[in-house]
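Before any comments, here is the structure.
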Amino acid sequence: MRSVPKYLSLIVASVIVLVPMVVVLFAAFKTHAEYNSTGPLTPPRDWLNLDNFATAWTNGHMLRGFWNTTIILAISLTGTVFVGTLAAYAISRFAFALKRVVLGLFLVAALVPGVTTQVATFQIVKSMGLVNSLWSAIVLFLGTDIVSIYIFIQFMQSIPKSLDAAAMIDGAGRFTVYRRIILPLMRPAIATVVIIKGIAIYNEFYIPFLYLRSPDLSVISTALFRFKGPYGAQWETIAACTMIVILPTVVIFLLLQRFIYNGITAGATK
Amino acid sequence: MKPWLYVAPALALLITFTYVPVVNMIWYSFHYWDGLSTVMEPAGWDNYVRVFTDERYWQVFRVSLYYFGASFAQIAIALYFATVLSFSTRFRNLFKGILFFPYLLNGVAVGFVFLYLFQPGGTLDTILGGHTPLWLGDPDVANFSLAGTSVWRFTGLNFVLFLGAIQSIPGEIYEAAEIDGANRWHQFRHIIAPGIRRIISLSVILAISGSLSVFEIPFIMTGGANDTRTFVIQAYDTAFQFRQIGLASAMAVVLLLIVLAVTWLQRLLLPDEEVALS
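These protein sequences, in sequence, are chains A and B. Just so you know, we're using numbering that gives the first Met the number 0 here: the first sequence kicks off at 0 and counts up by one. Just so you know, we're using numbering that gives the first Met the number 0 here: the second sequence kicks off at 0 and counts up by one.
Structure below.
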């Protein structure tokens, strides 16, 4: 009996989390007339009415949004993995002067809130001629953050150094050791970084909003944001588009929960 | 020489897109500049004086107080559920997943979900019935609605961090405490709370810089209308709508200094020591 308040509180919290999303899901399946005549808590009459999704998909140019997001994700994640593991390899396997300084630079950079420095970063990206090109977002996401580097270093420390030594006795150079031994063993850490950073890039709004102004360069976030003005009176279309954006997150979360929880806690306990 | 080759790409990106902008930003902040013209006019401390004296600029600090207050609610809720779910519970993973999930959502999607919830005659009004305020249209209410949205979105992060910290406390300690006759409250008070003190204080510190750098939720939902303009929205408008790069840079420098001061304070108050549990 003692556990009644406990379960009650858990259920109330779950309802508060789920209801705002469930009502949007309801609206996404309603026809315009049905939306206007029924309350938000009434489930849709026809759960197979996908008209709003079709309208949202074509009018919002969501295919283009997903495509641009995919390009940005693919290039910047691949880049981050190489840039990050190479840096972590140097930091964990070499002794060199100023190592602490380099680590310190990454650490201090983590304290600078990215949204504020954009005023000045914008001028740099502009001077490189990258504004209104997908490369602006790619290059900005490529910069390895301290969390990724930390996850890589931690994992690399658990790979015995005798492995490197054995390979080097067999005549392998430092880079061969990195490519043939370290990188393949790093797979779990790479997966964690790719998932955590991938979700962050998928959700990023400010950078694409600032740098990818042309409608052709819309990513998921900015494509959805474009619905704000012109579709003010058509909530069922906005609702469908919101659900289109949320769906991949639900799938990724259900499939990769363990990696996500690990990555989130690894990042914070630094 | 060799190791530098390996860190070079990471370091080059870091310097180009973080350190150079910070240095430039400090330089811009002492000038009048529209971001286009080739000459910058020196401004002395004028931009800084304006940040602190012009009401439009300093009143954004007031708005951040709503989010700062909300982050305490967020930490308290997260702490409660992390404690509850650290003991054996039916459907534990399901509840954990539900509570955490909003944190993973796209910010624009969250904004639209709550625009829909708060709209006049919408979900919230239907549930509450009777006389309800304009959740986003009334300046006295709008900041509470937005801060509430922020709690909905970010509680899951604190919750998972706290849960992870609680679970790293060895189980034998609870068993020993139970043998000694400690109840749940005693266990929380004397085992869990000291065990996760560090992560809680870290969350409080982060709440300060977090509440000053709020951007997405108010920008997407109200665009800063009805007295909901935050520091970053103001800086964005100043730089990219009104082209006053110098003034916007001064705002960013002030924010950066606050964040650095807070972090320094944290280091001072909480040196890196592990709390001895056993």
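Ideal placement from N, C-alpha and C gives every residue a C-beta, glycine not left out.
Worksheet item: Mind pulling the chain A residues with CB within less than 7 angstroms of M39(B)?
Response: Chain A residues near M39(B): none, gap ~11 angstroms exceeds 7 angstroms.
Fill in: Residues in the stretch 131-143 of chain A having any Cβ partner in chain B nearer than 7 angstroms
L139, L141, G142, T143
Practice prompt. From the DSSP output, in three-state form, read off L41(B) for me.
Written response: Per the sequence shown, the amino acid found at residue 41(B) is Pro instead of Leu. P41(B): strand per DSSP, three-state reduction.
Item to complete: Using a Cβ-Cβ cut-off of less than 7 angstroms, give me the residues of the stretch 53-81 of chain A that come near chain B, in sequence order.
Response: none
Item to complete: For the alpha helix (DSSP H) holding V150(B), just list the boundary residues, first then last.
Response: 138-166
Discussion item. Below 9 angstroms on C-beta distance, what does A26(A) contact in chain B?
Written reply: Y115
Discussion item. Considering only DSSP beta bridges, list what F31(B) is partnered with.
Written reply: A small correction: the amino acid at residue 31(B) is Tyr; Phe does not occupy that position in the sequence shown. Paired residues: E40(B).
Fill in: Three-state secondary structure assigned by DSSP to E203(A)
coil
Discussion item. Three or more C-beta pairs under 8 angstroms: does that hold for the stretch 238-245 of chain A against the stretch 15-25 of chain A?
Written reply: yes
Worksheet item: So with Cβ pairs under 8 angstroms, would you call K5(A) a contact of chain B?
Response: yes
Discussion item. Against chain B, which members of the stretch 107-126 of chain A pass a CB distance test of less than 9 angstroms?
Written reply: V107, A108, L110, V111, P112, G113, V114, T115, T116, Q117, V118, A119, T120, F121, Q122, I123, V124, K125
Item to complete: Answer with yes or no whether the minimum CB distance from S220(A) to chain B is below 8 angstroms.
Response: yes
Fill in: Listed by chain order, chain A residues near V50(B) by CB distance under 9 angstroms
Near V50(B) there are no residues of chain A at all, since even the closest Cβ is about 13 angstroms away, more than 9 angstroms.
Practice prompt. Compile a chain-ordered list of the residues in the stretch 168-185 of chain A whose CB is closer than 7 angstroms to at least one CB of chain C.
Written response: Protein chains in the displayed structure are A and B, and chain C is not among them.
Worksheet item: At a CB-CB cut-off below 8 angstroms, which residues of chain B make contact with L40(A)?
Response: T122, T125, I126
Discussion item. Let me see if you follow: with CB-CB separation under 8 angstroms, is S213(A) close to chain B or not?
Written reply: no
Worksheet item: Cα separation between P43(A) and Y230(A)?
Response: 20 angstroms
Discussion item. Would you say P19(A) lies against chain B (beta-carbon separation less than 8 angstroms)?
Written reply: yes
Item to complete: Report buried or exposed for K1(B), applying the criterion of at least 16 other Cβ atoms within 10 angstroms of its Cβ.
Response: exposed
Fill in: Proximal residues of chain A, C-beta to C-beta of G106(B) below 8 angstroms
N202, F204, S220
Practice prompt. Could you tell me if F230(B) is buried or exposed, where buried requires 16 or more neighbouring beta carbons within 10 angstroms of its beta carbon?
Written response: buried
Discussion item. Check whether chain A comes within 8 angstroms of S210(B), counting only Cβ atoms and requiring the distance to be less than that.
Written reply: no
Practice prompt. Count the other C-beta atoms from every protein chain shown that fall within 10 angstroms of the C-beta of D124(B), then say buried if there are 16 or more, exposed otherwise.
Written response: buried
Discussion item. Short of 8 angstroms in beta carbon distance, which residues of its chain neighbour P176(B), apart from the five on each side in sequence? Order them along the chain.
Written reply: Position check: residue 176(B) holds Ala in this sequence, whereas Pro was assumed. Hits under 8 angstroms: H185, Q186, H189, I190.
Worksheet item: If you run the structure through DSSP and keep just helix, strand and coil, what is W184(B)?
Response: helix
Fill in: Span separating the alpha-carbon of V11(A) from that of Y201(A)
30 angstroms
Fill in: Q221(B): first and last residue of the uninterrupted alpha helix (DSSP H) it sits in
The sequence given here has Thr at residue 221(B), not Gln. Looking at the DSSP string, T221(B) is not in any alpha helix (DSSP H), and its letter there is neither H nor E.
Worksheet item: Could you give the C-beta distance for A188(A) and F151(A), rounded to a whole number, given that I count them as a contact under 8 angstroms?
Response: 6 angstroms
Fill in: Closest by C-alpha distance to V273(A), when choosing among T17(B), R61(B), E174(B), V109(B)
With chain A covering only 0 through 269, there is no way to say anything about residue 273(A).
Worksheet item: CB-CB under 7 angstroms to F214(B), same chain, minus the five flanking residues each way: which ones, in chain order?
Response: T229, V231, I232
Worksheet item: So which residues on chain A does V21(B) lean against when the C-beta distance must stay under 8 angstroms?
Response: V111, T116, A119
Discussion item. What does the alpha-carbon distance come out to for the pair I263(A) and Y149(A)?
Written reply: 12 angstroms
Item to complete: State the Cα-Cα distance for the pair F93(A) and R173(A), rounded to the nearest angstrom.
Response: 10 angstroms
Item to complete: Report the rounded CA-to-CA distance for L133(A) versus N67(A), giving the unit in angstroms.
Response: 8 angstroms
Practice prompt. Tell me, please, whether the stretch 6-21 of chain B touches the stretch 31-43 of chain B by the rule of three or more beta-carbon pairs shorter than 8 angstroms.
Written response: no
Item to complete: Taking only beta-carbon positions, decide if T17(B) is within less than 8 angstroms of chain A.
Response: yes
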